[in-house]
Amino acid sequence: MRELILITLFGSDKPSVTSAISEILSASKANILDIGQAVIHENLSLGMLIEVPDGEDSSAVVKNVLYRAHELQMQARFQPIDEKSYDEWVSLQGKPRHIVTLLARQITAQQISALTRIMSDYGLNIDNISRLSGRVPLEPTSTSRACVEFSARGYVEDVSGLRAAFADLASGLDVDIAFQEDNMYRRTRRLVCFDMDSTLIEAEVIDELAKAAGVGDEVIAITEAAMRGELDFQESFRRRVSLLKGLDENVLAGIAEQLPITEGAERLIATLRRLGYKTAILSGGFNYFGRYLQSRLGIDYVYANELDIVDGKVTGEVTGRIVDGERKAELLRELAAKEMISLEQVVAVGDGANDLPMLSIAGLGIAFRAKPLVRAEAKQAISHLGLDAILYLMGFRDREIAH
Ligand SMILES: [Mg+2]
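Heads up, the final residue of the sequence shown is numbered 403 in my numbering, and it's a clean run with no missing numbers.
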């Protein structure tokens, strides 16, 4: 009769453990039904579920593995598995898989405890845990990145309850938690669309222009109301631009050079470019600054508003169609069609209420350092790390990225 045995080996990591053990197993013509290993701080844990065919001596297999493990200074454990429980395990294969990503400056036991408790409460069974961030220095800095990814399976009946529990936890413990379906699109995105103001740059350009024009307070008040979703974007935009009338064109270049680029933006875009992703700025701000960032960061497409300038002076008008929330979503669809990819393969990132339409249609829509109203509406949110944390949500590890 065939026998199923789960072998677990652990001890300090050394080369060719897998080869040495498999060699013994091959003498008994064993099949490998499952195999996995993890190395945590140079300690190896290797698991193999083997099938010893009928006619082979399983006790000899156990004895020989035990002997070899001893030589390798590793511990070995053997567990017989009955065929019925194995068949049950195989039948679980169809359960939906999910990825839960925990992002913080530093990972604490409290975060992991609370997060995994919520996962199990909502029916998710973890089958893999992996650190995506690089090796963690003992003294975190204000720009440290830490990320742990949980792969889990299970039917979640109350998805909104799960999301709400994650959101509560995230705001309570100063972390970000992303919950995604584990599907083939996750690592095959092709286009990333960015909002500009307060997303790619840590500023609202129109406020900077207003300060230069001496109408700062009036414009900031209108901007804030618009970002909270209290004012129609087009109307508020025209009102703000009209206040800029008479501003000298030369002021624009000075403001562009002073724009603070958001933490992680350069690393993110350089990485995306290297991997062949297309990038776009879809902005309710101004083309002038979008084009400046395009050449500085190496972005493929820019769509924003054209500030009308006559005789070197801002007229207070915008020419062409205003890019509002609906237009952003429309442009995202157009770019996806142009690139011949599905919307599932698009990532959209933004902080404002006018970004919600594009965030909602993209395969991965991320509210970035957004106001609570926007964060609550978006499926994913990053508030505690820089823009390059998006790479973790796409499944990349720091060690795969050379800076
Ligand atoms: Mg914005």
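For each residue, glycine too, the CB sits at the ideal point set by N, CA and C.
CB-CB under 8 Å to residue i, same chain, minus the five flanking residues each way: which ones, in chain order?
i: residue 363; result: 185, 189, 342, 343, 344, 345, 346, 347
i: residue 82; result: 4
i: residue 323; result: 282, 283, 284, 303, 304, 305, 331
i: residue 2; result: 51, 52, 53, 54
i: residue 249; result: 309, 312, 313, 314
i: residue 336; result: 191, 342, 343, 345, 346
i: residue 137; result: 144
i: residue 84; result: none
Which residue from the options puts its Cα closest to that of residue i?
i: residue 57; options: 28, 46, 267, 350; result: 28
i: residue 101; options: 316, 123, 148; result: 148
i: residue 268; options: 279, 15, 59; result: 279
i: residue 22; options: 313, 181, 69; result: 69
i: residue 179; options: 274, 122, 230; result: 122
i: residue 260; options: 165, 369, 302, 201; result: 201
i: residue 354; options: 306, 41, 230; result: 230
i: residue 333; options: 248, 361, 170; result: 361
i: residue 206; options: 177, 239, 232; result: 239
i: residue 234; options: 88, 321, 44; result: 321
i: residue 298; options: 252, 379, 286, 194; result: 194
i: residue 105; options: 388, 91, 95; result: 388
i: residue 171; options: 400, 384, 75, 390; result: 384
i: residue 15; options: 62, 228, 42, 167; result: 42
i: residue 257; options: 295, 273, 275; result: 295
i: residue 319; options: 86, 372, 169, 286; result: 286
i: residue 393; options: 26, 335, 365, 44; result: 365
i: residue 316; options: 26, 85, 219; result: 219
i: residue 13; options: 372, 165, 75, 390; result: 75
i: residue 401; options: 290, 372, 339, 273; result: 273
i: residue 140; options: 264, 377, 108, 39; result: 108
i: residue 166; options: 145, 113, 138, 144; result: 113
i: residue 77; options: 66, 44, 85, 38; result: 66
i: residue 378; options: 142, 164, 120; result: 164
i: residue 326; options: 142, 266, 232, 17; result: 232
Measure the Cβ-Cβ separation of residue i and residue j and say whether it is below 8 Å.
i: residue 103; j: residue 192; result: no
i: residue 36; j: residue 8; result: no
i: residue 271; j: residue 386; result: no
i: residue 236; j: residue 221; result: no
i: residue 31; j: residue 50; result: yes
i: residue 307; j: residue 288; result: yes
i: residue 111; j: residue 173; result: yes
i: residue 115; j: residue 177; result: yes
i: residue 25; j: residue 61; result: yes
i: residue 99; j: residue 169; result: no
i: residue 373; j: residue 228; result: yes
Given residue i, which residues of its chain have a CB within under 6 Å of its CB, disregarding the five upstream and five downstream residues?
i: residue 381; result: 367, 375
i: residue 79; result: 6
i: residue 395; result: 186, 187
i: residue 97; result: 153, 182
i: residue 370; result: 351
i: residue 255; result: 208
i: residue 162; result: 122, 156
i: residue 86; result: 4
i: residue 264; result: 386, 387, 388
i: residue 398; result: 133, 134
So, at 7 Å on beta carbons, what are the nonlocal neighbours of residue i in its own chain, with the 5 sequence-adjacent residues on each side left out?
i: residue 204; result: 197, 198, 223
i: residue 300; result: 278, 279, 280
i: residue 417; result: Nothing about residue 417 can be reported from this structure: the residues present for the chain run from 1 to 403 only.
i: residue 73; result: 11
i: residue 20; result: 68, 72
i: residue 340; result: none
i: residue 59; result: none
i: residue 38; result: 45
i: residue 145; result: 133, 385, 389
i: residue 266; result: 297
Worksheet item: Does the stretch 110-129 come within contact of the stretch 151-158, defined as at least 3 CB pairs closer than 8 Å?
Response: Result yes; three or more Cβ-Cβ pairs closer than 8 Å.
Worksheet item: Taking three-plus beta-carbon pairs below 8 Å as touching, is the stretch 237-256 in contact with the stretch 204-216?
Response: Because the criterion of three Cβ pairs below 8 Å is met, the stretch 237-256 and the stretch 204-216 touch.
Worksheet item: On the three-pair Cβ rule with 8 Å, is the stretch 156-164 touching the stretch 133-140?
Response: Look at the beta carbons and you see the stretch 156-164 not touching the stretch 133-140: under three pairs across the two are nearer than 8 Å.
Worksheet item: In chain order, what residues have a CB nearer than 6 Å to some heavy atom of ligand 1?
Response: Per the Cβ criterion, the list is 195, 197, 198, 199, 350, 351, 352.
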